[in-house]
Structure formats: structure tokens, C-alpha cells
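**Q**
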Amino acid sequence: MADKIPDFSNDVKQSSENVKIPDFNQGNNFSHEGNSLDQDINEENISTITTRNESLEGKEHPETGTKYEKKVVETNTGERVEGVFPQFNSDFDAELPEELLEASDKRQFDEANKQLKDYIDNNKDEAKSKFNSEQLDDIESGYTPEGYTWHHSEDKGIMQLVDTEIHAKTGHTGGKSIWGGGNENR
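Read in order, the letters of the sequence shown correspond to residues 98 to 283 in the working numbering.
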């Protein structure tokens, strides 16, 4: 029987009255009249955004042990925003080219898998220490290795190869919603 994933929704301060999700694709909407999202703009013109599990800042996720840190990151429109994000252990980081930043997940994952394969082809010994033979076969075939997920890092254009189970259990605001065009581009 699968373990039940705990509900961390109490860690997120939100209600239907006080949450309005910003549309980063439409430019800066943080100071619009009536926007009740818990945000402000500091003297350096950095907006503070509400992020999932932000109450875990400086702490570890109670189930996965993943640490959450406050960071300033860049949106797809070049704006700088501050939020709290999980710091996953990544076995490989891929950097998407500019033209794929707002592409579909499939196109982004295909590019990340290509970069992973290129890296593995040139670093065979390291590859054998990180991945088992089935995972190496997946990579060679252009697939995401079994047991891993491509995480849209909060850092613009960075895709991180992380443990699937840890990623699924560590609720977070990901880079797809910050620099990747949001759910419309899934």
C-alpha cells in the first residue's frame, strides 16, 4: 500500500480572499491597484512573491529533508522577484537555450535529456557511479532515467535532474511558473 502524502496546505498562508496569482507573462503586475497577493516591492525594485511552503524558509521539509531558502530570481520578463524555494539535490543541471525557456515541458525535457546524454558520453566513469545500467540505457535512448524527474529550478533556464519521489513530496513553486510560461506552456 502506498504511503499517504501528508497535507502541508496549512503551511501555506492563503484564502480565496487574499490570493491572486500574478501573471508573469504580462509584465510587472505587482503594484496594480487591488492586487491582494502578499507582495511588495523593495527599494531595489525586487518584488516579493508568495511561494508554496514559504513558511519552511531556513528549514527542512518534514518528510523529504529538502531545505528551503529565500532567493532572488529572474522571471521570463526580466523582472527580479524574491521567494522561498526548495534546494533539491541535483545529479545533473541542464541549461535551456533562450528559445526553449517558454517551450512545452516535452521540448524542455528532450533538450535536458540531450544535454545529459552528451555529458554522460564524455564522462563515462562518473556516469557509472551515479546511474545504474538501466538508467544509463534510458539516457542513451534519450529518455529521462527511471527514478528521476526534470525539475524546473527557480533559476532561469535551469533544469535539475532530481529524485522523482522527493520532487513529488516536496511542494514548491517551480521555475515553470516563474520563467517558463506557466501552465499554459505545459
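All C-beta atoms, glycine included, are put in the ideal place defined by N, C-alpha and C. From a predicted model like this one, the values you see are computed outputs, not experimental measurements.
1) Where does V178 land, buried or exposed, given buried means 16+ other C-beta within 10 angstroms?
2) In whole angstroms, what is the alpha-carbon distance linking D222 and T241?
3) DSSP has L258 in a bridge; who is on the other side?
4) Give the range of the alpha helix (DSSP H) segment to which Y165 is assigned.
5) Where does G272 fall in DSSP's three states?
6) Using only the alpha-carbon positions, how far apart do E171 and G278 sit?
7) For a quick check, are the C-beta atoms of T270 and Y245 less than 8 Å apart?
8) Report the residue ranges of all alpha helix (DSSP H) runs contained in full by the segment 170-235; include only those spanning at least 4 residues, in chain order.
**A** Checking against the coordinates, here is how it stands:
1) Indexing the sequence shown from 1 puts residue 178 at position 81. Buried, by the Cβ-count rule.
2) Numbered from its first residue, the sequence shown carries residue 222 at position 125. Numbered from its first residue, the sequence shown carries residue 241 at position 144. Using only the alpha carbons, I get a separation of about 19 Å.
3) To locate residue 258, count along the sequence shown from 1; it is residue 161. The partner list for L258 (beta bridge, DSSP) reads W247.
4) Mapped onto the sequence shown, residue 165 falls at position 68. Where Y165 is concerned, there is no enclosing alpha helix (DSSP H), although the beta strand (DSSP E) it sits in stretches over 165-171.
5) By one-based count along the sequence shown, residue 272 stands at place 175. DSSP places G272 in helix when its eight states are reduced to three.
6) Counting from 1 along the sequence shown, the entry for residue 171 is found at position 74. Counting from 1 along the sequence shown, the entry for residue 278 is found at position 181. Per the coordinates, the alpha-carbon of E171 lies some 13 Å from the alpha-carbon of G278.
7) Taking the first residue of the sequence shown as position 1, residue 270 is located at position 173. Taking the first residue of the sequence shown as position 1, residue 245 is located at position 148. Against a cut-off of 8 Å, the Cβ pair of Y245 and T270 comes out as no contact.
8) 202-219, 221-227
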